[in-house]
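To start, the structure itself, in structure tokens.
Numbering (our numbering), first residue to last: 55 to 379.
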């Protein structure tokens, strides 16, 4: 208010209105100025404003730092975030499964925990020969198997993906044939795929690649498109595609029923290791895909490269133009 009063008086170039006392020249609104000395009033008003600006006035207080939340208040939020992340990982990325039997010995033992890649199938990846895959029961393969009765803790852990679900009827086997392959077994072996004998070091010691019986151990099958033929590594202790040829899929597993590929043995820690594809599935002549199919496989990469080149040239031209300005 002091600065306003001084400004009003200076607008008259220091002259008082004629015919009126000097005191009456001060507007009524400026009567709040307590000092009779105009210079003193201005100085006091300025000092008051500076005090208020600096935040050291009697009516002002310094801003206080926001008090952080306590650990116990943050804990429920952290647990909620962890649960959401676990559910997302279980649904789209990786899920843990427990090995319920000895059908994959010695590659996998009963009680092992494996991590299954669930991400690549979302991008159109399909099972390949030699991979160990987890798949849903295609047509009552697990009939007669005992059902687990998990407790509340196990049910919760399976719900968030830290343990396999007891309600899901899933199996784990090795892919031997894919769509278009001819798989056959005679006598005790070797196992043949598209006329090529497989050298199978992963077969359980003491087992033969093929089983001499009349229940499906000897066979010749043609795998249709969209299906896979699977077998356990413990050949004489695995009810796999061979022994389910009377079901609606004739022993084949629909690719749509495949959960994903088992990539890592995660538990127990002393058995930790990866599950690579054996070299026997890389031998020449095993693949029946034509050159046309191979060209279709390469085509997306070629199209991507063709789309990238014009963009790269355009960006380079734009950068050169900017530098010459």
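Don't be surprised by glycine CBs; every beta carbon is placed ideally from N, CA and C.
In the DSSP output, which residue or residues are listed as bridge partners for residue i?
{"i": "residue 250", "result": "247"}
{"i": "residue 238", "result": "246, 274"}
{"i": "residue 321", "result": "167"}
{"i": "residue 231", "result": "283"}
{"i": "residue 149", "result": "170"}
{"i": "residue 312", "result": "189"}
{"i": "residue 209", "result": "The partner list for residue 209 (beta bridge, DSSP) is empty, contrary to what the question assumes."}
{"i": "residue 226", "result": "188"}
{"i": "residue 328", "result": "318"}
{"i": "residue 307", "result": "282"}
Let me make sure I understand the geometry here. Which of the options has the alpha-carbon closest to that of residue i?
{"i": "residue 157", "options": "258, 325, 317", "result": "258"}
{"i": "residue 242", "options": "252, 248, 236", "result": "252"}
{"i": "residue 299", "options": "282, 312, 310", "result": "282"}
{"i": "residue 324", "options": "267, 154, 125, 165", "result": "165"}
{"i": "residue 286", "options": "274, 226, 322", "result": "226"}
{"i": "residue 313", "options": "179, 126, 234, 123", "result": "179"}
{"i": "residue 192", "options": "318, 333, 293", "result": "293"}
{"i": "residue 335", "options": "280, 133, 237, 291", "result": "237"}
{"i": "residue 228", "options": "279, 181, 210, 207", "result": "181"}
{"i": "residue 302", "options": "195, 284, 288", "result": "195"}
{"i": "residue 307", "options": "268, 247, 147, 224", "result": "224"}
{"i": "residue 270", "options": "279, 280, 290, 174", "result": "290"}
{"i": "residue 280", "options": "235, 274, 288", "result": "235"}
{"i": "residue 151", "options": "263, 167, 207", "result": "167"}
{"i": "residue 240", "options": "264, 233, 248", "result": "264"}
{"i": "residue 248", "options": "128, 138, 134, 341", "result": "341"}
{"i": "residue 155", "options": "322, 327, 331, 288", "result": "288"}
{"i": "residue 177", "options": "147, 138, 163, 273", "result": "147"}
{"i": "residue 321", "options": "272, 125, 163", "result": "163"}
Between which two residues does the beta strand (DSSP E) holding residue i run?
{"i": "residue 299", "result": "Unbroken run through residue 299: none, as it is neither H nor E."}
{"i": "residue 190", "result": "186 to 190"}
{"i": "residue 197", "result": "Element bounds for residue 197: n/a, residue is neither H nor E."}
Please classify residue i as buried or exposed, where buried requires at least 16 neighbouring CB atoms within 10 angstroms.
{"i": "residue 266", "result": "exposed"}
{"i": "residue 254", "result": "buried"}
{"i": "residue 339", "result": "exposed"}
{"i": "residue 149", "result": "buried"}
{"i": "residue 123", "result": "exposed"}
{"i": "residue 316", "result": "buried"}
{"i": "residue 186", "result": "buried"}
{"i": "residue 159", "result": "buried"}
{"i": "residue 305", "result": "buried"}
{"i": "residue 319", "result": "buried"}
{"i": "residue 172", "result": "buried"}
{"i": "residue 169", "result": "buried"}
{"i": "residue 284", "result": "buried"}
{"i": "residue 132", "result": "exposed"}
{"i": "residue 268", "result": "exposed"}
{"i": "residue 153", "result": "buried"}
{"i": "residue 188", "result": "buried"}
{"i": "residue 329", "result": "buried"}
{"i": "residue 245", "result": "buried"}
{"i": "residue 207", "result": "exposed"}
Return the Cβ separation of residue i and residue j in integer angstroms, given the expectation that the two are a contact with Cβ distance under 8 Å.
{"i": "residue 260", "j": "residue 183", "result": "Contact flag wrong, Cβ pair sits at about 24 Å."}
{"i": "residue 256", "j": "residue 161", "result": "5 Å"}
{"i": "residue 337", "j": "residue 250", "result": "6 Å"}
{"i": "residue 311", "j": "residue 190", "result": "4 Å"}
{"i": "residue 233", "j": "residue 278", "result": "6 Å"}
Counting only beta-carbon atoms, is residue i nearer than 8 Å to chain D?
{"i": "residue 195", "result": "Protein chains in the displayed structure number just one, and chain D is not present."}
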